[in-house]
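**Q**
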Amino acid sequence: MKMMLRSLVAILLGLTLLWLLAEGANLTTVQGFFPWRNLLVQYSGILGMGVMSVAMVLAVRPAWLEPRLHGLDKMYRLHKWLGIAGLVLSIAHWLFSQGPKWLVQAGLLVKLARGPRPTQTVEIFRFFQEQRGLAEQIGEIAFYIAVVLIAIALIKRFPYRYFFQTHRWLAVVYLALVVHSVVLISYPYWTQPLGMVMGVLMSAGTLAALISLFRRIGIKRKAVGEIAAVHYLEGVQVNAITIQLKDRWPGHEAGQFAFVTFDEREGAHPFTISSASAGDGRLQFLIKALGDYTRTLAATLKPGDPVTVEGPYGRFHFEGTSRRQIWIGAGIGVSPFVARMKTLAAQPDGRIVDFFHSTGEVDEEALHRLETDARAAGVRLHVLISSRDGRLTGERLRTLLPDWRQAEVWFCGPSAFGDAIRQDLTSQGLPVAWFHQELFEMR
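Take any residue in the sequence shown, note its place counting from 1, add 211, and you have its number in our numbering.
#1: Quick one, are the C-beta atoms of S392 and M260 less than 7 Å apart?
#2: Assuming P399 and L232 form a contact by the criterion Cβ under 8 Å, report the distance between their Cβ atoms to the nearest whole angstrom.
#3: Considering only residues of the stretch 498–557, which uninterrupted alpha helix (DSSP H) runs meet the minimum length of 4 residues and lie entirely inside it, listed in chain order?
#4: Once you ignore the five residues that flank V447 on each side, which residues in its own chain have a CB closer than 6 Å to its CB?
#5: Which of the three DSSP states, helix, strand or coil, is assigned to T570?
#6: Counting only the same chain and skipping the five closest in sequence on each side, list residues whose C-beta sits under 7 Å from that of A296.
#7: Pair every Cβ in the stretch 424–438 with every Cβ in the stretch 452–461, then say whether three or more of these pairs are closer than 8 Å.
#8: In angstroms with no decimal places, state the Cα-to-Cα distance between L319 and F245.
#9: What's the gap between the Cα of F529 and the Cα of H290?
#10: Taking DSSP's pairing of strands, which residues face R591 in a bridge?
#11: Take F628 as the anchor and find which of D600, T583 and G542 has the nearest alpha-carbon.
#12: Count Cβ pairs between the stretch 613–628 and the stretch 531–540 that sit closer than 8 Å; are there 3 or more?
#13: Tell me, please, which residues DSSP counts as bridged to P481.
#14: Short check: CB of H304 to CB of S255, under 7 Å?
#15: Alpha carbons only, please: which of W313, F646 and F425 is nearest the one belonging to V163?
#16: Name the DSSP bridge partner or partners of H304?
#17: List the residues that DSSP assigns as beta-bridge partners of E619.
#18: From G589 to H579, what does the alpha carbon distance come to, in whole angstroms?
#19: With C-beta atoms as the reference, is F307 less than 7 Å away from L251?
#20: Assign K499 to buried or exposed, taking buried as 16 or more other Cβ atoms, counted over all protein chains shown, within 10 Å of its Cβ.
#21: Please report how far the alpha carbon of E464 lies from the alpha carbon of V411, in whole angstroms.
#22: What does a CB cutoff of less than 7 Å around Q639 pick up in its chain, not counting 5 residues either side in sequence?
#23: Rounding to the nearest angstrom, what Cα-Cα distance links V441 and L512 in this structure?
#24: Between the Cα of M214 and those of L226, W292, W275 and L229, spot the shortest distance and give me the residue it belongs to.
#25: Would you mind listing the alpha helix (DSSP H) stretches within the stretch 365–411 that are 4+ residues and don't spill past its ends, in chain order?
#26: Between which two residues does the beta strand (DSSP E) harbouring A451 extend?
#27: List the residues that DSSP assigns as beta-bridge partners of Y443.
#28: My parser needs the alpha helix (DSSP H) runs of 4 or more residues fully inside the stretch 229–311; what are they?
#29: Given this structure, state the Cα-to-Cα distance separating D284 from L650, to the nearest angstrom.
#30: Cα-Cα, which of S301, P613 and T604 is closest to Q634?
#31: Roughly how far, in whole angstroms, is the beta-carbon of Q495 from the beta-carbon of A451, given that I think they are within contact range, below 8 Å?
#32: In three-state terms, what does DSSP make of E475?
#33: Is Q340 near Q348, with beta carbons less than 7 Å apart?
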């Protein structure tokens, strides 16, 4: 979490410093409301396009960034924060631009007479100057559309399929905002480091937007296959779906996930892989029947149905320096640990592992499978059924495992639950870097 916050702050701070460098002495001499308003319009526009450009690059899931940002789940959380920051900055930019006009119309502010704009001697800047009116209109329309699309993405009450279908149109909006920005960015900026950085960011964002629009995201990591088996675990409302891939699969590590497309209209959903990598292209996913779509899988999927899998992604890979590990899997957060236990059954690593599975639902078949996997892997399993055993807390874990300070902790489950466990353990001496939490939320 701190890494993502540092990344966001670094982007904003870096662009701010470049803007201050570009404006230089102007900031010490500028006077009057409208000159300051013009500066703030430029500043908010620079920050807004900067964060949106980085967000657009992250949206295409660049594999080379995964290890640097500690997994695609972290990248998508940063993408979300950048999107929110971009929305806030865009609103500020719009208010700085339109607000003074409203004040003038209301008679609360007197508009100063403005002489003709300086004649541009550079041909491209002369062309930009002629397009200012059009660029302003494009930017205003794009802003309104962006607000609606980002709201759909952030408000989880909108079904996933609507989010999937509309979110890619942000790429078109972004391209419109690039046109708006290129024309309206202060011309002297282009000869400064600020202009060079913005040029690189918007070029990268434009390439990412085109990749998204032409549906080329993750194209080299996609494999086609078919449904091999579908089994519904009634007690825990989980779909156990086995897929046999026909294309080459590069293999995966326990704890990784993939984007799975069962229905092109619904789009790709991210699911944790719950099987070990055996080299035979056979994958299993445990999918909780939570929403309208996942509740229908058991009834609509059948062996032989086509499926597309993109991946693998994620860095929740159980590597670490300690020979002692504690796993906590809440609800469907059990999936990465199932895959890890299957891997350990074939390739033990000598670590001592305690696995706490906290659940509010009971399915005897699911529990039997979990116990069988734990025995085969040499993992000590602790099943906590909330109605019978209560909830797992950091204090309870510390009481049950006196040597907890020697263990790295791996958590997958609801964010609030993980945050509470992390805060308790780190406040009692666990190094922050020893608590690994999967942030499995793609929107």
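The C-beta atom is built at its ideal place from N, Cα and C for all residues, glycine as well. Quantities reported herein were computed from a predicted structural model and do not represent experimental measurements.
**A** Put simply:
#1: Cβ distance < 7 Å, so S392 and M260 count as in contact.
#2: Going by Cβ atoms, the distance from P399 to L232 rounds to 12 Å, so no, they are not a contact pair.
#3: 508–511 and 546–557
#4: E572, D574 and A577
#5: strand
#6: L219 and V262
#7: yes
#8: 14 Å
#9: Straight-line Cα distance between these residues: approximately 24 Å.
#10: D565
#11: When D600, T583 and G542 are compared, the shortest CA-CA separation from F628 is found for G542.
#12: Yes, since at least three Cβ pairs between the stretch 613–628 and the stretch 531–540 fall closer than 8 Å, the two stretches touch.
#13: Looking at the DSSP assignment, P481 forms a beta bridge with F470.
#14: yes
#15: For residue 163 there is no data in the structure shown, the boundaries of the chain being 212 and 654.
#16: Answer is none; H304 lacks a bridge partner.
#17: Under DSSP, E619 takes part in a beta bridge, and its partners are Q536.
#18: 15 Å
#19: yes
#20: Classified as buried, K499 has 16 or more neighbouring CB atoms from the shown chains inside 10 Å of its CB.
#21: 34 Å
#22: R609
#23: 7 Å
#24: W292
#25: 371–378 and 381–395
#26: V449 to L456
#27: N450
#28: 237–240 and 244–270
#29: 5 Å
#30: T604
#31: 7 Å
#32: coil
#33: no
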